[in-house]
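Below is one structure; the comments refer to it alone.
Protein chains: 2
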Amino acid sequence: MGKSLAYPKRVSNTANRYNHRATYDLGAIHSIINSSQVLHVSFNPGPSDPFPAILPMIGQMGSFDYPSAGIDEPLDCYLHGYVSSRIMNLARAAEGDGLPICVAASKVDGLILSLTPNSHSYNYRSAILHGYAKLVIDEAEKLWAMELITNSVLSDRWRHSRVPPDKAEMSSTVILKVKVVDGSGKIRDGGVSDEKKDKDNAEVTERVWTGVVPVWETFGEPIPSPLNKVEGIPEYITSYVASQSQQNQAYAKSAVGIPLPKEEDH
Amino acid sequence: MGKSLAYPKRVSNTANRYNHRATYDLGAIHSIINSSQVLHVSFNPGPSDPFPAILPMIGQMGSFDYPSAGIDEPLDCYLHGYVSSRIMNLARAAEGDGLPICVAASKVDGLILSLTPNSHSYNYRSAILHGYAKLVIDEAEKLWAMELITNSVLSDRWRHSRVPPDKAEMSSTVILKVKVVDGSGKIRDGGVSDEKKDKDNAEVTERVWTGVVPVWETFGEPIPSPLNKVEGIPEYITSYVASQSQQNQAYAKSAVGIPLPKEEDH
Numbered sequence: 001m002g003k004s005l006a007y008p009k010r011v012s013n014t015a016n017r018y019n020h021r022a023t024y025d026l027g028a029i030h031s032i033i034n035s036s037q038v039l040h041v042s043f044n045p046g047p048s049d050p051f052p053a054i055l056p057m058i059g060q061m062g063s064f065d066y067p068s069a070g071i072d073e074p075l076d077c078y079l080h081g082y083v084s085s086r087i088m089n090l091a092r093a094a095e096g097d098g099l100p101i102c103v104a105a106s107k108v109d110g111l112i113l114s115l116t117p118n119s120h121s122y123n124y125r126s127a128i129l130h131g132y133a134k135l136v137i138d139e140a141e142k143l144w145a146m147e148l149i150t151n152s153v154l155s156d157r158w159r160h161s162r163v164p165p166d167k168a169e170m171s172s173t174v175i176l177k178v179k180v181v182d183g184s185g186k187i188r189d190g191g192v193s194d195e196k197k198d199k200d201n202a203e204v205t206e207r208v209w210t211g212v213v214p215v216w217e218t219f220g221e222p223i224p225s226p227l228n229k230v231e232g233i234p235e236y237i238t239s240y241v242a243s244q245s246q247q248n249q250a251y252a253k254s255a256v257g258i259p260l261p262k263e264e265d266h
Numbered sequence: 001m002g003k004s005l006a007y008p009k010r011v012s013n014t015a016n017r018y019n020h021r022a023t024y025d026l027g028a029i030h031s032i033i034n035s036s037q038v039l040h041v042s043f044n045p046g047p048s049d050p051f052p053a054i055l056p057m058i059g060q061m062g063s064f065d066y067p068s069a070g071i072d073e074p075l076d077c078y079l080h081g082y083v084s085s086r087i088m089n090l091a092r093a094a095e096g097d098g099l100p101i102c103v104a105a106s107k108v109d110g111l112i113l114s115l116t117p118n119s120h121s122y123n124y125r126s127a128i129l130h131g132y133a134k135l136v137i138d139e140a141e142k143l144w145a146m147e148l149i150t151n152s153v154l155s156d157r158w159r160h161s162r163v164p165p166d167k168a169e170m171s172s173t174v175i176l177k178v179k180v181v182d183g184s185g186k187i188r189d190g191g192v193s194d195e196k197k198d199k200d201n202a203e204v205t206e207r208v209w210t211g212v213v214p215v216w217e218t219f220g221e222p223i224p225s226p227l228n229k230v231e232g233i234p235e236y237i238t239s240y241v242a243s244q245s246q247q248n249q250a251y252a253k254s255a256v257g258i259p260l261p262k263e264e265d266h
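Taken in order, these protein sequences are the chains called F and X.
Counting with the UniProt record's numbering, you get residues 1 to 266 for the letters of the first sequence.
Counting with the UniProt record's numbering, you get residues 1 to 266 for the letters of the second sequence.
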C-alpha cells in the first residue's frame with residue numbers, strides 16, 4: 001500500500017488535546033466534508049465588525065483539473081451560493097489569493113454515557129479546512145461543480161433533472177472554489193472511558209448505567225410532490241435512500257466497538 | 001398572547017435572501033441551538049493568522065441569574081471546553097467585553113428534489129449567534145452550567161451520574177459564557193418549489209420525479225458498556241431515546257407540509 005497524503009501541521013490546525021483522535025489524512029478529512037449535507041463556512045466580514053461570520057453552505061471536494069483524483073488526493077473545496085450574498089461579494093472583492101475562510105463539518109455517531117459528567121462525550125467525526133476562496137469564472141468548471149454539488153444532495157440526481165441550467169440560472173448561481181492550505185479532522189469512536197478511581201468505586205458502578213447510544217441520520221420514505229407526474233419512485237432514489245440509512249446506522253453501531261450479536265460466524 | 005422578543009437586526013446578522021425564511025425570534029433561535037448536539041464556534045486566532053478558526057463544541061442557552069427564564073427570553077450561551085485549549089486561552093487573555101465569537105448550528109430535515117438543480121434545496125433549521133465570550137469564574141455558576149450541558153447530552157443524566165465533580169475535574173474543565181449581541185435563524189420547510197416555465201413543460205414534468213425525502217436523527221438501542229454493572233436500561237434513558245427519535249421523525253415529516261395518509265379523520 002502506498003503512503004497516504006497528510007495536510008501540513010500548523011499552529012492553527014494542530015490539535016493540542018486527544019491527539020490520538022486527530023487526523024491530518026486527506027482521505028479521512030475529505031470524506032467527512034463530502035458526507036456532510038451542510039458545511040459551516042466562517043469568514044471575517046471586515047474591519048468594522050469584530051465578529052467572524054458563519055454561513056451554512058452546500059459544498060463538495062473535487063478536482064476539475066484532475067477529475068479522476070481520489071478522495072485521498074489533493075482536492076479543492078467547491079461551495080454553492082447566491083450571486084449577491086455577502087460572502088460572494090467579499091470573495092469577488094478579495095485581492096491576492098482570495099478570501100481567507102474556514103470550512104467545518106461535524107457528525108455525531110453516538111452518546112457516550114460514562115460514570116462521571118467529565119468523561120461523557122460523543123462518538124463523532126469532525127473536519128476543518130483553511131483556505132482561500134475565489135469565484136469560479138470558467139463556465140465549464142462552474143457547470144462541473146454544479147453537477148458535483150447537485151449529486152451530493154442525492155447521488156446521480158443531476159442527469160435525472162432538467163439540465164443544463166439556463167442563462168439566468170447560471171448567472172444567479174455562484175460557485176466558490178477554495179484552495180486548501182491546511183486541514184485537520186477528529187474522530188472519536190469506541191465505548192465508555194472512565195478513570196480508575198470511579199471504576200473501582202462499587203457505590204458508583206452499581207448505581208450508574210454506562211454505555212453508548214448510537215446516533216445516525218435516517219432517510220425516510222420519499223414523499224412525492226402534489227405536482228409530481230412520474231409514477232412510482234425511481235430506483236436511483238429508493239436505492240440511495242436505503243443505502244444511506246443502512247450505512248449510517250452500520251457506522252454508528254460499529255463505532256461503539258463492542259461486538260454485537262451475530263446471526264452466524266464468519 | 002404577548003409580544004415575542006427578537007434580536008436586533010445588524011448588517012452582520014441580517015439575511016439578504018429568502019427573508020421569508022429568516023427569523024430573529026429568540027425562542028426559535030435558542031431552540032435550534034439547544035437541540036443541536038454539536039455547535040460550531042468561530043473565533044479569530046490572532047493577527048498572525050489570516051484564517052478564522054472553527055471548533056466543534058458542546059453548549060446550551062441558559063440564564064444563571066434567572067434560572068426560570070423561558071427559551072424565548074434573553075439567555076447566555078454556555079460552552080464547554082478543556083482548560084488549555086486555544087479558544088480558552090484567547091478568552092482568558094481577551095480584554096474588555098471578551099473574545100468576539102460566532103456560534104452556529106444547523107440541522108437538515110429533508111432533501112428537496114425539484115425539477116431543476118437550481119431549485120434543489122434542503123428543509124433545514126439553522127441559527128447563529130454573535131457575542132463576547134468570557135470564562136466563568138464563579139464556582140456555583142460553573143457547576144450550574146456543567147449540569148445544564150451534561151443534561152443536554154441526555155436529559156436528566158447529571159443526577160444519575162457520579163456528581164459533584166471533584167477538584168481536579170472542576171479545574172480541568174472550563175466553561176465559556178457568551179454574552180449574546182445578536183442572532184438570527186433560518187427555517188426552510190415545505191415542499192418542492194419550481195418555476196412556472198418548468199412546471200408548464202410536459203417533457204420535463206413527465207420525466208423528473210419531484211418530492212421530498214425526510215431526514216432525521218435516530219437514536220438507536222443503548223448498548224451497555226462491558227463494565228456496566230446496572231441491570232436493564234434505566235427508564236430515563238429509554239424514554240429519552242424513544243422520544244428523541246419519535247420527535248425528530250415527526251418534525252421531518254411534518255416539515256414537508258403535505259398531508260400524510262391518516263388512520264382516521266380528526
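From the three backbone atoms N, C-alpha and C, an ideal C-beta is built for every residue, glycine too.
Since the model is a prediction, treat every value here as computed from it, not as a measurement.
- Chain F places a beta carbon closer than 8 angstroms to that of T173/X, counting this residue as a contact.
- Below the 7 angstroms Cβ cutoff, chain X contributes L111, L113 as neighbours of L154/F, in chain order.
- Below 8 angstroms, too few C-beta pairs join the stretch 64–79 of chain X and the stretch 128–141 of chain F to call them touching: fewer than three.
- DSSP, reduced to helix, strand and coil, places G220/F outside both helices and strands of the structure shown, so it counts as coil.
- Under the Cβ criterion of 8 angstroms, L227/X is counted among the residues facing chain F.
- The beta carbon of G183/X is closer than 6 angstroms to those of Y7, I29, L129 in its chain, skipping five residues each way along the sequence.
- A direct Cα-to-Cα measurement between D194/X and D156/X gives close to 45 angstroms.
- Taking the beta carbon of D198/X as reference, the chain F residues within 8 angstroms of it are R162, listed in sequence order.
- Residue contact with chain X for T218/F: present (Cβ-Cβ distance below 8 angstroms to some residue of chain X).
- In this chain, the beta strand (DSSP E) harbouring Q60/X covers 53–62.
- Taking a 10 Å sphere around the C-beta of K186/X, we find 16 or more other C-beta atoms and assign the residue as buried.
- For A252/F, a Cβ of chain X is located within less than 8 angstroms of the residue's own Cβ.
- Annotated three-state conformation of N151/F is helix, per DSSP.
- Here the alpha carbon of Y236/F sits roughly 20 angstroms from the alpha carbon of N118/X.
- In the DSSP assignment, S126/X falls within the beta strand (DSSP E) that extends over 121–135.
- According to the DSSP assignment, H30/F belongs to the alpha helix (DSSP H) that extends over 26–34.
- T238/X: member of the alpha helix (DSSP H) spanning 235–256, first to last residue.
- Contact holds between the stretch 29–46 of chain F and the stretch 100–107 of chain X, because three or more Cβ pairs, one in each stretch, are under 8 angstroms apart.
- For I32/X, no chain F residue has a C-beta closer than 7 angstroms to its own C-beta; the minimum C-beta separation is roughly 11 angstroms.
- CA-to-CA, the gap between S36/F and A91/F works out to about 23 angstroms.
- Here the alpha carbon of V204/F sits roughly 36 angstroms from the alpha carbon of Q246/F.
- Put simply, the stretch 216–231 of chain X touches the stretch 214–223 of chain F. At least three CB pairs are less than 8 angstroms apart.
- Judged by DSSP in its simplified three-state form, S193/F adopts coil rather than helix or strand.
- Contact annotation: the stretch 138–153 of chain F does not touch the stretch 171–181 of chain X, with fewer than three C-beta pairs closer than 8 angstroms.
- DSSP places K167/F in no beta strand (DSSP E) but in the uninterrupted alpha helix (DSSP H) bounded by 167–172.
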